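Structure, as structure tokens:
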Amino acid sequence: MTLCSFGLRLLGRRPLLACSFAISESRRFALQSSTGGENLCREAAQSLFSMERFHRNSHVEGERRQVERQAWRELQKLPDSATENADINDITDVLGAWCYFSRFWEQGMRGPGEEEQGKSDESREKEIKVPSVERSGARFGAPTADEAPPPRANPLDEVLEF
1 MTLCSFGLRL LGRRPLLACS FAISESRRFA LQSSTGGENL CREAAQSLFS MERFHRNSHV
61 EGERRQVERQ AWRELQKLPD SATENADIND ITDVLGAWCY FSRFWEQGMR GPGEEEQGKS
121 DESREKEIKV PSVERSGARF GAPTADEAPP PRANPLDEVL EF
């Protein structure tokens, strides 16, 4: 018995009505999940961008290590499905933060190492309040003809006289 014939037996006399309802519901669910995923990715990108800026400007070593762990937890909370329909700029921010923090994690791009077993749960859960930083201005593409710099003079055009 194929899946189609099983579905027709299960639905009875109104298969087209049931199929159209299932298709409309799946589309509605896909729209809801995609917008939720886009917002989730946008929030994660905003948070990671803020953490990166805070990490660059902080000079306290303990704060920097805590922000590194927070960034890893933020990356782990982001599901793969959230990035499928996300804006390319948000994905760029997430990947940029991942590459930035991987320089400081013990295992590189695989994240920070195992936390010390001697630390208490309170010290692990203490999160640093990172101020939200908005990315300034729009992102620019390639320069247009009006914005492109003038062409340089070719040095071979000049004749050297002795």
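1 is the number of the first residue of the sequence shown in the UniProt record's numbering; add one for each residue after it.
Glycine included, every Cβ here is placed at the ideal spot set by N, Cα and C.
The structure presented is a predicted model; accordingly, all values stated were derived computationally and were not measured.
Cα-Cα, which of the options is closest to residue i?
i	options	result
residue 45	114, 69, 95 and 146	95
residue 77	105, 43, 114 and 92	43
residue 47	79, 114 and 90	90
residue 63	93, 74 and 51	51
residue 87	39, 146, 155 and 152	39
residue 135	65, 84, 79 and 92	92
residue 75	85, 109 and 128	109
residue 65	80, 126 and 84	126
Roughly how far, in whole angstroms, is the beta-carbon of residue i from the beta-carbon of residue j, given that I think they are within contact range, below 8 Å?
i	j	result
residue 49	residue 133	6 Å
residue 82	residue 41	5 Å
residue 61	residue 104	About 11 Å separates the two Cβ atoms, so there is no contact after all.
* Asked: Counting Cβ pairs, one atom from each stretch, are 3 or more of them under 8 Å apart for the region 99-118 and the region 56-74?
  -> yes
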